[in-house]
Amino acid sequence: MNLKIEYYPKLPENLLLNYLSIIKSNKKNWGDPFFIDTKSYLDFDLIDEKLSLFDLDQIKNVIVIGTGGSIQTLMALSHLSHKQIYPITSSRSSELNKCLELTNPSDSLVIPISRGGETLDVNSTIGIFVKKGYPFIGLSSKGTMLSILKDMGAPILDVPDLSGRFAASISNVGIVPALISGINVDMFIKGLDQGYSLYMKESINPAIEFAAFLYSLYEKGVNNLFSMPYTKNIEGAIGLFVQEISESTGKNNKGLMGTYQSAPLCQHSVLEFLLGGKSNKVTPILWIIEKVKSDIILDSNINYINGKSAQTIVNYQAAATFQAL
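Everything in the sequence shown is counted per this note's numbering, starting at 76 for the first residue and increasing by one.
Structure, rendered in structure tokens:
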């Protein structure tokens, strides 16, 4: 896996080793995190049985009703979709109207997702799609939403009683919508397994080094991690990172808050603060991809731009911003 991390000031090796010792000591108090088990929470035979009720080749629009951990993992994968994904995270009329204007029941599938079944943002929007005759497959295990789906006669798959922000990648929550969207789920799960085999090792690796760096910042008083994603393809993943860091650490008047804005747009909105404001409580994190499949070559009268790819020019800005910070 080609994952690189560059940060400053660099942590001295003795401090990294000290953090690693603490991690090893803490590990004795808990079992392995559930989400490294990419097999046990998925029943692909049952998934195939439920999905066989639909002609997936005819589905062009995947309408996912969910919020938080129920939808963030799918958004992280959405750039890999072969179909149009419409995330409906609430009853905001602009998103609902746009979705209804651009889709129709004949080539769409609605997927409401809720672990507890009582999420107002989900339950409040189901009816409008039912009224217009959209087909459904629901992901739920209890509560009001489960009752609604049963009354509709919709096929249902369960949602395990696990922390949603970490569970979606290894359960129906993220995998079923991904399958329907034409995402290569086998490759995704293989990537998870490869990542965990590398980054769960009890030795210095990019994951442990990144965690140690963030913890060292927190000890110095930093409480806001401002992410700057320099490509659209990773904005969904950054949204998931924001949720995971905020919800996981934000306990008992402690923790780090994750925030983000698209880059390089954010260079023209918050960079002045990061360079000259009271930024000792905030640390910027720049995220880049060296190459994107959808890249295009630019035509320009400016010599250093002409003939370069669009992403290359964006990455130039990322490099300059990193140096300035």
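From the three backbone atoms N, C-alpha and C, an ideal C-beta is built for every residue, glycine too.
I'd like the list of long-range same chain contacts for residue i, defined as Cβ closer than 6 Å, with 5 residues on each side in sequence excluded.
i: F301; result: T334, V357, P359
i: T178; result: N136
i: Y271; result: I111
i: L292; result: T358
i: S375; result: N381
Excluding the five sequence neighbours on either side, which residues of its own chain have a C-beta within less than 7 Å of the C-beta of residue i, listed in chain order?
i: N355; result: G296
i: K158; result: I134, K135, N136, V137, S256, G257
i: I380; result: L373, I388
i: F316; result: S302, G333
i: I377; result: none
i: K383; result: L373
i: S156; result: S256, G257, I258
i: Y116; result: P235, I245, S246
i: P162; result: V139, I146, M150
i: M275; result: I111
i: T219; result: G192, E193, N198
i: T113; result: I245, I264, L267, D268
Within a Cβ cutoff of 8 Å, which residues of the same chain sit near residue i, ignoring the five residues on either side of it in sequence?
i: F241; result: P108, F109, F110, G144, E319
i: K102; result: E277
i: I203; result: L171, L175
i: E322; result: R240
Return the Cβ separation of residue i and residue j in integer angstroms, given the expectation that the two are a contact with Cβ distance under 8 Å.
i: I80; j: F285; result: 5 Å
i: A200; j: L171; result: This sequence places Thr at residue 200; Ala is not what is there. Right, the Cβ-Cβ distance comes to about 7 Å (below 8 Å), so this counts as a contact.
i: S238; j: L224; result: Actually they are not in contact, since the Cβ atoms of S238 and L224 sit about 23 Å apart, beyond 8 Å.
i: I212; j: K125; result: 6 Å
i: T142; j: D196; result: 5 Å
i: L363; j: A393; result: Per the sequence shown, residue 363 should be read as Ile rather than Leu. That belief holds up - the Cβ atoms of I363 and A393 are roughly 5 Å apart, short of 8 Å.
i: G311; j: S153; result: 5 Å
i: L78; j: P281; result: 6 Å
i: V260; j: V248; result: At roughly 13 Å, the Cβ-Cβ gap does not stay under 8 Å, so V260 and V248 are not in contact.
i: A399; j: L350; result: 6 Å
i: L361; j: Y305; result: 7 Å
May I ask you to report which of helix, strand or coil DSSP gives residue i?
i: G218; result: helix
i: Y94; result: helix
i: I186; result: strand
i: L349; result: helix
i: L300; result: strand
i: P180; result: helix
i: N89; result: helix
i: S169; result: helix
i: G213; result: strand
i: I245; result: helix
i: P339; result: coil
i: Y116; result: coil
i: I146; result: coil
i: G311; result: helix
i: G266; result: helix
i: N101; result: helix
i: M275; result: coil
i: P359; result: strand
i: N390; result: helix
i: P252; result: helix
Any chance the CB of residue i is under 7 Å from a heavy atom of the ligand GTP?
i: L331; result: Among the components of this structure there are no ligands whatsoever, and the ligand GTP is therefore not found.
Going by CA-CA distance only, name the one from the options that's closest to residue i.
i: G208; options: S181, S222, G192; result: S181
i: L128; options: P210, T164, L152, D118; result: P210
i: I245; options: N93, D118, T194; result: D118
i: L254; options: V139, N77, A395; result: V139
i: D236; options: G191, D261, M275; result: G191
i: T396; options: A338, S369, G382; result: A338
i: E294; options: Y94, G218, Q336, L78; result: Y94
i: A151; options: A243, L92, K366, T113; result: A243
i: T324; options: N308, N299, P281, K206; result: N299
i: E88; options: L350, T306, I283, K353; result: I283
i: I279; options: L92, D132, G218; result: L92
i: K368; options: E322, N308, Q336; result: N308
i: I160; options: G218, R167, I146; result: I146
i: I313; options: Q336, L292, S168; result: Q336
i: E193; options: V205, S183, L131, K217; result: K217
i: K366; options: K353, G352, S375, Y391; result: Y391
i: V132; options: S183, K353, K206, G352; result: The amino acid at residue 132 is misidentified as Val; the sequence shows Asp. Considering only alpha carbons, the answer is S183.
(request) Would you check if there are 3 or more beta carbon pairs closer than 8 Å linking the segment 219-231 to the segment 183-193? (result) Taking a contact to require three or more Cβ pairs closer than 8 Å, the segment 219-231 and the segment 183-193 qualify as touching.
(message) Would you call the segment 333-351 in contact with the segment 263-274, where contact means no fewer than 3 C-beta pairs closer than 8 Å?
(response) By the criterion of at least three beta-carbon pairs nearer than 8 Å, the segment 333-351 is not in contact with the segment 263-274.
(message) Between the segment 383-399 and the segment 326-333, can you find at least three pairs of beta-carbon atoms closer than 8 Å?
(response) Verdict: no, contact absent.
(request) May I ask you to verify whether the segment 82-102 touches the segment 275-290, counting CB pairs closer than 8 Å and requiring at least 3? (result) Of all C-beta pairs linking the segment 82-102 to the segment 275-290, three or more are shorter than 8 Å, placing the two stretches in contact.
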